[in-house]
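> Quick note: the sequence shown uses our numbering, first residue 5, plus one each step.
Glycine included, each C-beta is placed from N, C-alpha and C at the ideal position.
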Amino acid sequence: MKPLHHLNAAELSGLLADRKLSSVELCTHLLARCDQYPGLGVFLHLDRAQILRDAAAADQARATGATGPLLGIPVAMKDIFTTKDQPTTAGSKILQGFRPPFDATAVQKLRDAGAIIFGKTNMDEFAMGSTNENSGYFPCANPWSPDHVPGGSSGGSACAVAAGLAPLALGTDTGGSIRQPGSLCGVVGFKPAYGTVSRYGLIAFASSLDQAGPMTRTVGDALALYNAMVGRDPKDSTTLDTAPLAPPAPRKGLRLGVPKEWLGEGLEPAVRDIIQRSLDLLVRQTGAQLVEISLPSVKYCVSVYYIIATAEASSNLARFDLLRYGKRPAEVGSYNLKDWYEEMRGQLFGDEVRRRIMIGTHVLSSGYYDAYYLKAQKVRRLIADELHHAMAQHNLDLVVGPVSPNAGIRFGECLADPLKMYLNDILTISVNLAGAAGMSVPAGLTPEGLPVGLQFVAPRGKEDALFSAALQFEEARGPLPEPPEAAIAACNAKERGLAR
Ligand code: GLN
5 MKPLHHLNAA ELSGLLADRK LSSVELCTHL LARCDQYPGL GVFLHLDRAQ
55 ILRDAAAADQ ARATGATGPL LGIPVAMKDI FTTKDQPTTA GSKILQGFRP
105 PFDATAVQKL RDAGAIIFGK TNMDEFAMGS TNENSGYFPC ANPWSPDHVP
155 GGSSGGSACA VAAGLAPLAL GTDTGGSIRQ PGSLCGVVGF KPAYGTVSRY
205 GLIAFASSLD QAGPMTRTVG DALALYNAMV GRDPKDSTTL DTAPLAPPAP
255 RKGLRLGVPK EWLGEGLEPA VRDIIQRSLD LLVRQTGAQL VEISLPSVKY
305 CVSVYYIIAT AEASSNLARF DLLRYGKRPA EVGSYNLKDW YEEMRGQLFG
355 DEVRRRIMIG THVLSSGYYD AYYLKAQKVR RLIADELHHA MAQHNLDLVV
405 GPVSPNAGIR FGECLADPLK MYLNDILTIS VNLAGAAGMS VPAGLTPEGL
455 PVGLQFVAPR GKEDALFSAA LQFEEARGPL PEPPEAAIAA CNAKERGLAR
């Protein structure tokens, strides 16, 4: 029998239902694993006593007749979701010590389903980054290799699932932050379509792009977690009446569009090989039809995203001033408001966050608004239309391709060159700009032993086809190896640097 930390949530749920395992035993096992590998840098906050209390309550509920796929199952939570019983920092020093007075809707729904909130995971500060090196606290590891980043910004959640610290996790995805770390760490990452999962209580980065979603060991687990969170929320007016998805039937002969621009210049050969083999597998095993399509506006995605996302961030982050949220320093001299803002925001935001606030403020300022922000909004519309038109024109069910142009990013590689980091988002961003759903499913390992994900993209309303294709792909692919325990131990022992 596999060790508990290698089981997925569906398997664990079966053991719990059959009374072969209790949630307290499961959590005790996983907490011991967390204690074994603190050097992975996964958790910003882990309250062992609280977890065991919640697990005991779940066991008690089961004893009195409660059931459900998430009952007693631990879910690691990116530290961007507000949790009323635990600190929430969004990976930033400016929110150190902040305890929100309420739960995010996603958190509340998972608690209602009996899930155990299993710690708050490390992330790039305010979800800005693709490497986790922008965390305000400490970097996080990629359990496959001590030299490589886990991806970002939901790197802590990806690492938690990949290293077997928690079977399920939540991330958020504004421009790829669920799918890219999912791809780099070899776990499933699903970014739901905009408006399907509530953003209430999710600390906002770019409100028109942010979505919360599952990071899991299997596609089936992602579906279960998504279903527990989906639906209209009166506290988030952008949410829609979306019903949970029934387990999709395996649909044969799906029409899959492959954008030629996604396989073009800049794609690492090892990634291209794995994607090509995966697409061949889908054709052979599921009768999928591949259709080459063109999305010529892909070349504008990065520029458009880094105007819109920074503009929204500059506005969203204006509220962090250490007066309304967070813990003020014990000794403060006398300040006027302007000096206070300069001093506190200047000291406590990291370089990347300050860079984005400045870019965002610039593109919104009078004289530049039309040239940058307004134009970016227009191109955003073109990018979204292009995707939808290509799907309609070729009668496609889905669009498929790589997630990240690189299989691995080395620590330090992007620190001196933010543009290099931004370019890494080129294959994920258009999905957010279009408000579509996207999933990264582990597809294979490079010769170097680094995971690569295959991306499935569907417009809102076509999630059924997405899950159907992803489930069939996962089955055709067969089981993948776990990260070697020796690599995890090597990550645990290694010192890593931060961007600040
Ligand atoms: N890497 C992208 C960025 O730095 C995406 C982040 C995200 O999805 N939260 O903005």
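(1) With a CB to CB cut of under 6 angstroms and the five nearest residues on each side skipped, what residues in its chain are close to L391?
(2) Where R259 and Y329 are concerned, what is the direct C-alpha to C-alpha distance, given to the nearest angstrom?
(3) Using a threshold of 7 angstroms, is the CB atom of S408 nearer than that to any non-hydrogen atom of the ligand GLN?
(4) Could you have a look at K264 and say whether DSSP puts it in helix, strand or coil?
(5) Going by DSSP, name the residue or residues bridged to D240.
(6) Would you call P446 buried or exposed, if buried means 16 or more other Cβ atoms sit within 10 Å of its Cβ?
(7) To which residues of the same chain is R255 closer than 7 angstroms at the C-beta, ignoring the five residues directly before and after it?
(8) Which residue marks the beginning of the alpha helix (DSSP H) containing M362, and which one marks its end?
(9) By the three-class DSSP mapping on this structure, what secondary structure does P398 have?
(10) Compare the Cα-Cα distances from M132 to each of G193, G179, D245 and report the closest residue.
(11) Measuring only from the beta carbon, is S434 closer than 7 angstroms to any heavy atom that is part of the ligand MN?
(12) State yes or no: is the C-beta of S202 within less than 8 angstroms of the C-beta of T86?
(13) Quick check: what's the CA-CA separation for V79 versus R52?
(14) Mind checking whether Q112 and D89 have CB atoms under 8 angstroms apart?
(15) Which same chain residues end up closer than 7 angstroms to A164 when comparing Cβ atoms and leaving out the 5 residues on each side of it in sequence?
(16) Any chance the CB of M219 is under 7 angstroms from a heavy atom of the ligand GLN?
(17) Measuring only the C-alpha atoms, how far is E347 from L326?
(18) How far does the alpha helix (DSSP H) with M425 in it reach, from first residue to last?
(19) Taking the straight line between their C-alpha atoms, what separation do you get for L206 and F130?
(20) Consider the C-beta atom of T125 and the heavy atoms of the ligand GLN; say whether any pair is separated by less than 7 angstroms.
(21) Nearest by alpha-carbon distance to P154: which of L427, L454, S26, P463 is it?
On the basis of the data shown:
(1) For the purposes of this step, residue 391 is identified with residue 387 of the sequence shown, where counting begins at 1. Closer than 6 angstroms at Cβ, skipping near neighbours: A438.
(2) In the sequence shown, the residue the question calls residue 259 occupies position 255. In the sequence shown, the residue the question calls residue 329 occupies position 325. So the two alpha carbons sit approximately 49 angstroms from each other.
(3) Numbered from 1 along the sequence shown, position 404 holds the residue referred to as residue 408. No - the ligand GLN has no heavy atom lying nearer than 7 angstroms to the Cβ of S408.
(4) Taking the sequence shown and counting its residues from 1, the one referred to as residue 264 is at position 260. K264: helix per DSSP, three-state reduction.
(5) Your numbering for residue 240 matches position 236 in the sequence shown. The partner list for D240 (beta bridge, DSSP) reads D237.
(6) Reading the sequence shown from its first residue, position 442 is the one you call residue 446. It is buried - the Cβ of P446 has at least 16 other Cβ atoms within 10 Å.
(7) Your numbering for residue 255 matches position 251 in the sequence shown. So the qualifying residues of the chain are A469, S472.
(8) Looking up residue 362 in the sequence shown gives position 358. Start and end: 355 to 368.
(9) Position 394 of the sequence shown, counted from the start, is the residue given in the question as residue 398. Sequence check: residue 398 is His here, not Pro. The answer is coil: DSSP assigns H398 none of H, G, I, E or B.
(10) Translated into the one-based positions of the sequence shown, residue 132 becomes position 128. Among G193, G179, D245, the Cα nearest to that of M132 is on G179.
(11) Only the ligand GLN can be found as ligands here, which leaves the ligand MN out of the picture.
(12) Numbered from its first residue, the sequence shown carries residue 202 at position 198. Numbered from its first residue, the sequence shown carries residue 86 at position 82. For S202 and T86, no; Cβs fall outside 8 angstroms.
(13) Here residue 79 refers to the residue found at position 75 when the sequence shown is read from its first residue. Here residue 52 refers to the residue found at position 48 when the sequence shown is read from its first residue. Taking the straight line joining both Cα atoms gives about 14 angstroms.
(14) Within the sequence shown, the letter at position 108 stands for residue 112. Within the sequence shown, the letter at position 85 stands for residue 89. Against a cut-off of 8 angstroms, the Cβ pair of D89 and Q112 comes out as no contact.
(15) As a first step, residue 164 is located in the sequence shown; it is residue number 160 there, counting from the start. Result list for A164: V46, A80, T125, A170, A173, in chain order.
(16) Here residue 219 refers to the residue found at position 215 when the sequence shown is read from its first residue. Not under cutoff, so the answer is no.
(17) Reading the sequence shown from its first residue, position 343 is the one you call residue 347. Reading the sequence shown from its first residue, position 322 is the one you call residue 326. If you take the alpha carbons of E347 and L326, they lie about 11 angstroms apart.
(18) Looking up residue 425 in the sequence shown gives position 421. Its alpha helix (DSSP H) spans residues 422 to 427.
(19) On the sequence shown, position 202 is the one that residue 206 refers to. On the sequence shown, position 126 is the one that residue 130 refers to. Straight-line Cα distance between these residues: approximately 10 angstroms.
(20) For the purposes of this step, residue 125 is taken as residue 121 along the sequence shown, with counting starting at 1. Distances between the C-beta of T125 and the heavy atoms of the ligand GLN are all 7 angstroms or more.
(21) Along the sequence shown, read from residue 1 onward, the residue named residue 154 stands at position 150. Per the Cα distances, L454.
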